[in-house]
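Chains as they are written, first to last, in this note's numbering: chain V, 1 to 296; chain S, 297 to 592.
Backbone N, C-alpha and C fix where the C-beta goes; we use that ideal spot for every residue, glycine too.
2 protein chains.
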Amino acid sequence: MQVAVIGLGAMGMGAARSCLRAGLDTVGCDFAAAAREAFIEAGGQAVGAADALPQGVEAVLLLVVNAAQTEAALFGPAGCAPRLAPGAVIIASATMGPDDARRLAARAEAMGLLYLDAPVSGGAAKAAEGAMTVMAAGSAAAFAKARPVLDAIATKVWELGEAVGAGATVKVVHQLLAGVHIAVAAEAMALGIRAGADPRQLYAVVTSAAGNSWMFENRMARVLEGDDAPRSAVDIFVKDLGLVAEMARGLNHPVPLASQAQQLFTAASAMGHGRADDGFVIRVWQALTGIPLPGK
Amino acid sequence: MQVAVIGLGAMGMGAARSCLRAGLDTVGCDFAAAAREAFIEAGGQAVGAADALPQGVEAVLLLVVNAAQTEAALFGPAGCAPRLAPGAVIIASATMGPDDARRLAARAEAMGLLYLDAPVSGGAAKAAEGAMTVMAAGSAAAFAKARPVLDAIATKVWELGEAVGAGATVKVVHQLLAGVHIAVAAEAMALGIRAGADPRQLYAVVTSAAGNSWMFENRMARVLEGDDAPRSAVDIFVKDLGLVAEMARGLNHPVPLASQAQQLFTAASAMGHGRADDGFVIRVWQALTGIPLPGK
Numbered sequence: 001m002q003v004a005v006i007g008l009g010a011m012g013m014g015a016a017r018s019c020l021r022a023g024l025d026t027v028g029c030d031f032a033a034a035a036r037e038a039f040i041e042a043g044g045q046a047v048g049a050a051d052a053l054p055q056g057v058e059a060v061l062l063l064v065v066n067a068a069q070t071e072a073a074l075f076g077p078a079g080c081a082p083r084l085a086p087g088a089v090i091i092a093s094a095t096m097g098p099d100d101a102r103r104l105a106a107r108a109e110a111m112g113l114l115y116l117d118a119p120v121s122g123g124a125a126k127a128a129e130g131a132m133t134v135m136a137a138g139s140a141a142a143f144a145k146a147r148p149v150l151d152a153i154a155t156k157v158w159e160l161g162e163a164v165g166a167g168a169t170v171k172v173v174h175q176l177l178a179g180v181h182i183a184v185a186a187e188a189m190a191l192g193i194r195a196g197a198d199p200r201q202l203y204a205v206v207t208s209a210a211g212n213s214w215m216f217e218n219r220m221a222r223v224l225e226g227d228d229a230p231r232s233a234v235d236i237f238v239k240d241l242g243l244v245a246e247m248a249r250g251l252n253h254p255v256p257l258a259s260q261a262q263q264l265f266t267a268a269s270a271m272g273h274g275r276a277d278d279g280f281v282i283r284v285w286q287a288l289t290g291i292p293l294p295g296k
Numbered sequence: 297m298q299v300a301v302i303g304l305g306a307m308g309m310g311a312a313r314s315c316l317r318a319g320l321d322t323v324g325c326d327f328a329a330a331a332r333e334a335f336i337e338a339g340g341q342a343v344g345a346a347d348a349l350p351q352g353v354e355a356v357l358l359l360v361v362n363a364a365q366t367e368a369a370l371f372g373p374a375g376c377a378p379r380l381a382p383g384a385v386i387i388a389s390a391t392m393g394p395d396d397a398r399r400l401a402a403r404a405e406a407m408g409l410l411y412l413d414a415p416v417s418g419g420a421a422k423a424a425e426g427a428m429t430v431m432a433a434g435s436a437a438a439f440a441k442a443r444p445v446l447d448a449i450a451t452k453v454w455e456l457g458e459a460v461g462a463g464a465t466v467k468v469v470h471q472l473l474a475g476v477h478i479a480v481a482a483e484a485m486a487l488g489i490r491a492g493a494d495p496r497q498l499y500a501v502v503t504s505a506a507g508n509s510w511m512f513e514n515r516m517a518r519v520l521e522g523d524d525a526p527r528s529a530v531d532i533f534v535k536d537l538g539l540v541a542e543m544a545r546g547l548n549h550p551v552p553l554a555s556q557a558q559q560l561f562t563a564a565s566a567m568g569h570g571r572a573d574d575g576f577v578i579r580v581w582q583a584l585t586g587i588p589l590p591g592k
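This is the structure we're talking about:
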């Protein structure tokens, strides 16, 4: 089966390598020469633009930043949709709102292509292992056609029904929780430090108690180490909480905590920390109150 | 060892029974006759006011609502402090700010009494099993004297150092996280429902992914069941997030997410849901947007 992976970033590179390992004939696509070279070294083929993909690709997995990049790579002037095999499946895994997912699916369908609304979670490490989680919605035909790729990249595929948009909705709601959990982890850790608590003791107590979250445990460990190398960056949550706000506004539905959290990530980005690991939103409190941060 | 437990509510009753089971000579104290009768039925003794406790109690565990009730039960006109044995230990387990903990410890010390700043977590079920978590700070002498009671009521005792206030600080920071996690669980679930997601599917995806929190998993299960019987009520978080705000204000430290969450619990309380289980803060969104809630 001929497969293309568009976007060889932290997630896409891992997914593309997982496809190779699973024996799929895989072409990667990225504007960045370094990413293409890394994928060629790993045994794959690579092109620099979507319209340079070979004719007749049967499944294209898009792991780009957002709906606009997804749309450009598929349907833009240099998009790949006209070159895909008849009945090929588009696996759209960028985080986007459900309205965008439905719009892109309609364009694909009009060209005789299948569409899977299939956002992912798991981070770069899981992507590299072929162990992502996929939250997918689409027709039975789209699932069937996409199956070899899903099997290669994921250990868990949530099948959320036939209606495109269900995957995007669950992912956006998930990002609401993830973003607020990171921001409140920083708020709580900052308050504890300000009040004189030992940050490592505080971490130990919280992670063993009902106040824990997956994000507190994962991200505050990095803050305690002073390790701000981005696994997921502050600016990702400026963007994803922006998607939350956009979806909520479209539904006329208030999301006060998500809005507040987005302002905190925006403040961190404004300070120049947009590319720091997202838990370092704690630097907003450091800037405001002068608390010392733990670390190296 | 003669022990008193003041406050036979959800947590205190469990702790008092756990003391009995451990073979401690335990007197319960509560204004409510029904609570006293239940404890007497369980094999304990009970009195209706702190100044009716027997002379010479060696350890008094306070599981009342706040610092004011703790202070009244110890040092008020009908307080028990003058009746305690010389060198007895006060185990102060109500949630309160660190300044109150330090003030009460100083009063105890001036009377020749030991003081353990010892807030708890775990809920009524853990209290009944003698399996609470205690976050404690105080002198080595206070820990030593309190040990038989701590062993009876808890499976985990965090020893946070000699400085009274460290226990209270960690508990208040913990409640900041717990309160925001509950409120954002409701915000996310409400948005998902509004967007047409299946709430059970959304719960299944989130609880298996990085967006999970202990509170989301625990409280949204009750929302899905439509079971609003209070294990921990909305009004508890109006109070505890109020303590967060008070401690933060005293430190001149901003807590925007905690403040927003407190407003949401306050809104639920204003609607008449103060005694509902805390996850039913989701009724704020139901009232605003008309979303249907799952359940019975």
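**CA-to-CA distance, residue 63 of chain V to residue 531 of chain S, given in whole angstroms** = 45 Å
**Request:** Check whether the Cβ atoms of residue 349 of chain S and residue 384 of chain S lie closer than 7 Å to each other.
**Result:** Taking 7 Å as the Cβ cut-off, residue 349 of chain S and residue 384 of chain S do not qualify as a contacting pair.
**Asked** Are there 16 or more other CB atoms within 10 angstroms of the CB of residue 293 of chain S, so buried, or fewer, so exposed?
**Response** In the structure as shown, chain S starts at 297 and stops at 592, and residue 293 of chain S therefore has no counterpart that could be examined.
**Request:** Within its chain, find whatever has a CB closer than 8 Å to the CB of residue 587 of chain S; leave out the 5 residues flanking it on each side and keep chain order.
**Result:** Result list for residue 587 of chain S: 486, 489, 490 and 581, in chain order.
**Request:** Jot down the residue ranges of each uninterrupted alpha helix (DSSP H) in the stretch 452–499 of chain S, minimum 4 residues, whole runs only, in chain order.
**Result:** 462–490
**Asked** residue 322 of chain S: buried (16+ other C-beta within 10 angstroms of its C-beta) or exposed?
**Response** buried
**Item:** Run of the beta strand (DSSP E) containing residue 413 of chain S, from where it starts to where it stops
**Value:** That run of the beta strand (DSSP E) goes 410–413.
**Message:** How far does the alpha helix (DSSP H) with residue 153 of chain V in it extend, from its first residue to its last?
**Reply:** 140–153
**Request:** Have a look at residue 298 of chain V and residue 266 of chain V and give me their C-alpha separation to the nearest angstrom.
**Result:** The structure shown has nothing for residue 298 of chain V, since chain V only spans 1 to 296.
**Request:** Take residue 511 of chain S and list the residues in its own chain whose beta-carbon comes closer than 7 Å to its own, dropping the five residues that flank it on each side.
**Result:** 474, 477, 478 and 481
**Asked** Looking at residue 59 of chain V and residue 152 of chain V, is the spacing between their C-beta atoms short of 7 Å?
**Response** no
**Prompt:** Under the rule that 16 or more other beta-carbon atoms within 10 Å means buried, what is residue 451 of chain S, buried or exposed?
**Reply:** Classification of residue 451 of chain S: exposed, given that the 10 Å Cβ count is below 16.
**Request:** May I ask you to report which of helix, strand or coil DSSP gives residue 260 of chain V?
**Result:** Under the three-state reduction of DSSP output, residue 260 of chain V falls in the helix class.
**Prompt:** The beta strand (DSSP E) spanning residue 101 of chain V covers which residue range?
**Reply:** Residue 101 of chain V -> not in any beta strand (DSSP E); alpha helix (DSSP H) instead, spanning 98–110.
**Message:** Quick check on residue 41 of chain V: buried or exposed, where buried means 16 or more other Cβ atoms within 10 Å of its Cβ?
**Reply:** exposed
**Asked** With residue 340 of chain S and residue 312 of chain S assumed to form a contact (beta carbons below 8 Å), what rounded beta-carbon distance in angstroms separates them?
**Response** 6 Å
**Message:** Based on DSSP bridge pairs, tell me the residues matched to residue 428 of chain S.
**Reply:** When beta bridges are read from the DSSP output, residue 428 of chain S appears opposite S/450.
**Request:** Just grab the DSSP bridge partners of residue 2 of chain V for me.
**Result:** V/25
**Item:** chain C contact for residue 448 of chain S (CB, 7 Å cutoff)
**Value:** This model lacks chain C altogether; the protein chains it does include are V and S.
**Request:** Measuring only between beta-carbons, confirm whether residue 273 of chain V sits less than 7 Å from chain S.
**Result:** no
**Request:** Could you tell me which residues DSSP pairs with residue 573 of chain S in its beta bridges?
**Result:** Looking at the DSSP assignment, residue 573 of chain S forms a beta bridge with S/529.
**Message:** Between residue 138 of chain V and residue 116 of chain V, how many whole angstroms is the CB-CB distance? I'm expecting something under 8 Å.
**Reply:** 4 Å
**Item:** Burial state of residue 568 of chain S (16 or more Cβ within 10 Å)
**Value:** exposed
**Prompt:** Since residue 565 of chain S meets chain V, which of its residues come closer than 8 Å, beta carbon to beta carbon?
**Reply:** Per Cβ cutoff of 8 Å: no residues; residue 565 of chain S is ~16 Å from chain V at best.
**Request:** Please decide whether residue 231 of chain V counts as near chain S, where near means a Cβ-Cβ distance under 7 Å.
**Result:** no
**Prompt:** With distances taken from CA atoms, which of V/70, V/130 and V/86 is nearest residue 101 of chain V?
**Reply:** V/70
**Prompt:** How do the stretch 242–260 of chain V and the stretch 213–230 of chain V stand: do at least 3 beta-carbon pairs fall below 8 Å, yes or no?
**Reply:** Judged by pairs of C-beta atoms under 8 Å, the stretch 242–260 of chain V does not touch the stretch 213–230 of chain V, as fewer than three such pairs exist.
**Message:** Using a Cβ-Cβ cutoff of 8 Å, what residues of the stretch 504–537 of chain S are near chain V? List them in chain order.
**Reply:** 504, 505, 506, 507, 508, 509, 510, 511, 512 and 514
**Prompt:** Does any C-beta atom of chain V lie closer than 7 Å to the C-beta of residue 498 of chain S?
**Reply:** Contact of residue 498 of chain S with chain V is assigned, a C-beta pair being separated by under 7 Å.
**residue 360 of chain S, DSSP secondary structure in three states** = coil
**Message:** For a quick check, are the C-beta atoms of residue 275 of chain V and residue 233 of chain V less than 7 Å apart?
**Reply:** yes
**Message:** Once the 5 residues before and after residue 343 of chain S are set aside, which same chain residues still bring their CB inside 7 Å of it?
**Reply:** Taken in chain order, the residues that qualify are 323, 325 and 349.
**Prompt:** Do the stretch 103–113 of chain V and the stretch 122–130 of chain V touch if we need at least three Cβ pairs shorter than 8 Å?
**Reply:** no
**Asked** Do you know whose CA, among V/82, V/136, V/93 and V/119, lies nearest residue 111 of chain V's CA?
**Response** V/82
**Prompt:** Tell me which same chain residues have a C-beta within less than 6 Å of the C-beta of residue 308 of chain S, skipping the five on either side of it?
**Reply:** 301 and 359
**8 Å contact criterion, which residue 345 of chain S and residue 363 of chain S should meet: CB distance rounded** = No, residue 345 of chain S and residue 363 of chain S are not in contact; Cβ-Cβ is about 19 Å, not under 8 Å.
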